[in-house]
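These protein sequences, in sequence, are chains A and D. Once you know that position 316 of the first sequence is 322 in the numbering used here, the rest is easy, because the numbers rise by one and skip nothing. Once you know that position 381 of the second sequence is 387 in the numbering used here, the rest is easy, because the numbers rise by one and skip nothing. Positions of the beta carbon are idealized from the N, C-alpha and C atoms, including for glycine. All values reported here derive from a predicted model rather than from experimental measurement. To start, the structure under review is shown below, and the notes come after it.
There are 2 protein chains.
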Amino acid sequence: MPVFLDTRDPDFEERFRALLGTKREDSPDVDDTVAAIIADVRARGDAALIELTERFDRLRLTPETLAIGRDEVDAIIADVPEADRAALTLAAERIRAYHARQMPEDARWTDPEGATLGWRWTAVASAGLYVPGGIASYPSSVLMNAIPAKVAGVERLAICVPTPDGQVNPHVMLAARIAGVDEIYRVGGAQAIAALAYGTETIAPVDKITGPGNAYVAAAKRRVFGRVGIDMIAGPSEILVIADADNDPDWIALDLMSQAEHDKSAQSILVTDDAAFGRKVAEAVDARLQTLERRAVAGESWRDFGAVITVRDLDEAATLSDRIAPEHLELCVADPEALSARCRHAGAIFLGAWTPEAIGDYVGGPNHVLPTARSARFSSGLSVMDFVKRTTLAQMTPEALAAVGPAAERLARAESLEAHGLSVAARREKLNAPES
Amino acid sequence: MPVFLDTRDPDFEERFRALLGTKREDSPDVDDTVAAIIADVRARGDAALIELTERFDRLRLTPETLAIGRDEVDAIIADVPEADRAALTLAAERIRAYHARQMPEDARWTDPEGATLGWRWTAVASAGLYVPGGIASYPSSVLMNAIPAKVAGVERLAICVPTPDGQVNPHVMLAARIAGVDEIYRVGGAQAIAALAYGTETIAPVDKITGPGNAYVAAAKRRVFGRVGIDMIAGPSEILVIADADNDPDWIALDLMSQAEHDKSAQSILVTDDAAFGRKVAEAVDARLQTLERRAVAGESWRDFGAVITVRDLDEAATLSDRIAPEHLELCVADPEALSARCRHAGAIFLGAWTPEAIGDYVGGPNHVLPTARSARFSSGLSVMDFVKRTTLAQMTPEALAAVGPAAERLARAESLEAHGLSVAARREKLNAPES
């Protein structure tokens, strides 16, 4: 059974804190194993990849078959039903249209002292996208990671995806094709991250690695961070639904279950201003859990981490939401816009009962790679910004240097950095010197 | 002696790769020590901070004296010379004016299907800034970290700064005052990072931690990453100067030395299209190294990591620059604008001989916290963006759901996520049902 809380209960604060503090993730310590795998790939390149792939994925490769070539992809995606192809294409178009608006703008201006200042954005040259194998191999995640990179202008985008026993997911291949991925390698785990970060004879190194993965992949990403850029290390998924009594309990139950079915460590929380409605939703969840295909996973998630919280009013709901800083926030209330304005910390907000979170997973347009585990307090979902970087620009004139140089010299002296000051002073002296 | 390379030399590529691969940093393994300190601060709060500060900084504190109060700051900054105060104020104003332009914009639009999409930026609520003690305690870094946070709208900005033997740097205090820092604690090292991340009785936890520090501070930041946001882990500083023969060799020498004097691990590289000019600069460096206050540090940096590279032309210079991806790039050439357009990977570019890098350290306006160790390939300097986060927004109408819902259901099925599909289907069924 999920926990039922009510802000009017005397022990609410204590129980809410306990809910906030719940550890939902087992993080097995795989760091030594991962360090050894990375060292092996750095030392032996392709040979290590081939050996590790045989061991972990029971698949015998050669340097020539590490990559899944264009023709092979053609053959694999030929079997995807036309309706699925159309759905992926629609999703890709909507994601592309949304992310195209995120391209940041360059700036350049001249200030009153005559200094020309500004900045310029450029794309990361190459990126690698990790795609998990097996049950968590989601074509939608390929679109969500690859499209922002391509919109940003990344020239070379490589995917690594494990293919246990040689099984390739055709939808993943099609999503890669639609998103414009340039290279695909059938390598997984920490060895894939090592190959992307350091390169092998066959796989050229990339500058940035994104994408979800298991504990080995996450540990490997942490280890190569600095050598390359990485995206966030995602934890289990979460949803917070704020719903008033004017909702169909079954809709809300399904929204909660669409999060719970991801993973037994996922968390689904309902906040409502009507205790009776909360109970109705819980009943609807129980009914759905009788038949859902993934009822084992969803049931375990709901039982262990689910919560139904009754609040006095929606202001209180917003306050709780900000303390949770949810990855996904669904606002099924009469005025979702007004409530949204009061919620500051959330990865993505879905406004109104006609916007189930699942829309955002596929065809809404915004990215579904979002900050988990309360990190929406300080971080954002994946975007074009993850694949560009800013170079600041400054150009002084002799007059501008005359105006601001003395202050720089003063501060250099205060910091005991003499050469800093001299590099400015030498130029200013030239200005003061009589014309030659 | 620095290395002298020429792209025309047959062994150039090999020697350039060696230069690129030079490891400039000793990273002592302090991870176990840091883990113990963090655990101690989490368990015992203020008591641990007080004990550790006595041990490391020879300073006996109480919970009441952990903070440097407003009156105490007033007294400390009273001694700062008026000219230094004016210089810090000018620097702060210029940094503020530059960063104010970085505030990203919210967006909201309705697409052809009737879906309203967009995003909203909000400030991180609280941030902590680490300021090193001793020789690397730079007031300019306080401005560079604190001002973007305040421009972003961070409500609570706390500083932790060690004060060994009770010595407080008045310029650092003044910079904090000018930048609008809200709280100052005389705590340093890994214990300060632990306090900022987890909180103690006296220090409330923050959402984001930025600022440079020694190996202990860096290891602590890595450890608390995820619990809070952190900025980059900075390595030793670097400059690449591209200069043609029409420069005063002494100016260029001083620019190289202004980087070298920071740290014996710093790196200064000159790229020129005139070998004779390169030699003149090296001679000017040697001359300056006779008298510079920090000649021991600067000399060691120049000898161990300095380089003078002669290229055939400026195109080649741009190509090498992108392979180095320098933190600071100075373009002392006839047409710096044109050369700048050919350099893609750099933290900050300084255009023209009248823009010594030291201007950017203090009064240029752009941030001086920049990506080191080739990470300009995938990351950017500190900015307002580090203190804001994006919430994506989506609102479907019944019509929009009817238009894009079927594709979402199709993709949910392809990913075996039944509840995802049902959450959309349940709503669409209502649309198709006869009006009640």
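Item                                                                                                                             : Value
Sufficient close CB pairs (3 or more, under 8 angstroms) joining the segment 146–156 of chain A to the segment 97–106 of chain A : yes
Residues that D:A83 contacts on chain A, provided the C-beta gap is smaller than 9 angstroms                                     : The sequence shown places Ile at residue 83 of chain D, not Ala. Neighbours of D:I83 on chain A: none; closest Cβ ~13 angstroms, over 9 angstroms.
For A:I315 and A:L262, believed in contact at Cβ under 8 angstroms, the rounded distance                                         : Wrong, their Cβ atoms sit about 12 angstroms apart, outside the cutoff.
Contact under 8 angstroms by Cβ, A:R126 with A:D112                                                                              : yes
Residue interval of the alpha helix (DSSP H) (run including A:W308)                                                              : 301–311
Chain A contact residues for D:M402, given Cβ-Cβ distances below 9 angstroms                                                     : F356, L357, G358, W360, T361, P362, I365, G370
Neighbour flag for A:M263 against chain C, beta carbons, 8 angstroms                                                             : In the structure shown, chain C does not exist; the protein chains are A and D.
Any non-hydrogen atom of the ligand PLP closer than 7 angstroms to D:G139 Cβ                                                     : Among the components modelled here there is no ligand, and therefore nothing to report on the ligand PLP.
Below-8 angstroms beta-carbon distance, D:D256 vs any chain A residue                                                            : yes
Boundaries (first-last residue) of the beta strand (DSSP E) holding D:R114                                                       : 113–116
Beta-carbon gap between A:S381 and A:M238 smaller than 8 angstroms                                                               : yes
Span separating the alpha-carbon of D:L335 from that of D:D77                                                                    : 42 angstroms
Cβ-based neighbour list, D:V157, same chain, cut-off 6 angstroms, excluding 5 preceding and 5 following                          : H105, A106, V390
N-terminal and C-terminal residue of the beta strand (DSSP E) that D:Q4 is part of                                               : Outside the shown range of chain D (7 to 442) lies residue 4 of chain D, about which nothing can therefore be said.
Within chain A, the residues that D:D90 reaches when beta carbons sit closer than 8 angstroms                                    : R416, L417, A420
Three-way DSSP call (helix, strand, coil) for D:Q108 in this model                                                               : coil
Given D:K227 as reference, the closest of D:N253, D:A344, D:A196, D:Y204 once Cα atoms are compared                              : D:A196
Residue nearest to A:G139 in terms of C-alpha spacing, selected from A:A293, A:A323, A:P218, A:S422                              : A:P218
Residues that A:I330 contacts on chain D, provided the C-beta gap is smaller than 9 angstroms                                    : Within chain D, no residue comes near A:I330; the closest Cβ sits about 14 angstroms away, beyond 9 angstroms.
Which residues DSSP lists as bridging A:S327, in chain order                                                                     : Partner(s): none; A:S327 has no beta bridge.
D:H334: first and last residue of the uninterrupted beta strand (DSSP E) it sits in                                              : 334–338
D:K214: contacting residues in chain A (beta-carbon distance under 7 angstroms)                                                  : F384
Any C-beta of chain A under 8 angstroms from that of D:R229                                                                      : no
Delimiting residues of the alpha helix (DSSP H) encompassing D:F18                                                               : 18–27
D:W257 versus A:H426, A:A225, A:T59, residue with shortest Cα-Cα distance                                                        : A:H426
Spatial distance of A:D117 from D:I365 (CA atoms)                                                                                : 15 angstroms
Secondary structure of A:R66, DSSP reduced to three states                                                                       : coil
Check whether A:Y191 and A:V47 have beta carbons under 8 angstroms apart                                                         : no
Closest residue to D:E333 among D:V247, D:V410, D:M402, D:D32 (Cα-Cα distance)                                                   : D:V247
D:R102 versus D:G371 - alpha carbon distance                                                                                     : 7 angstroms
Helix, strand or coil at A:I153 according to DSSP, with G and I counted as helix                                                 : helix
A:S381 - containing beta strand (DSSP E), residue span                                                                           : First-last for A:S381: undefined, no H or E at that position.
Outcome for D:E289 when other beta-carbon atoms lying within 10 angstroms are tallied against a minimum of 16                    : exposed
Buried or exposed (CB count within 10 angstroms, at least 16 for buried), D:S442                                                 : With a pLDDT of only 49 at D:S442, under 50, the local geometry of the prediction cannot be trusted, and the value read off the model is given with reservation. With fewer than 16 Cβ atoms within 10 Å of its Cβ, D:S442 is classed as exposed.
Same chain, Cβ closer than 6 angstroms to A:T122, five either side skipped, listed in chain order                                : T116, Q401
Amino acids of chain A, ordered along the chain, whose beta-carbon sits closer than 9 angstroms to that of D:T397                : L335, S346, C349, R350, H351, A352, G353, A354, I355, A382, S386, G387
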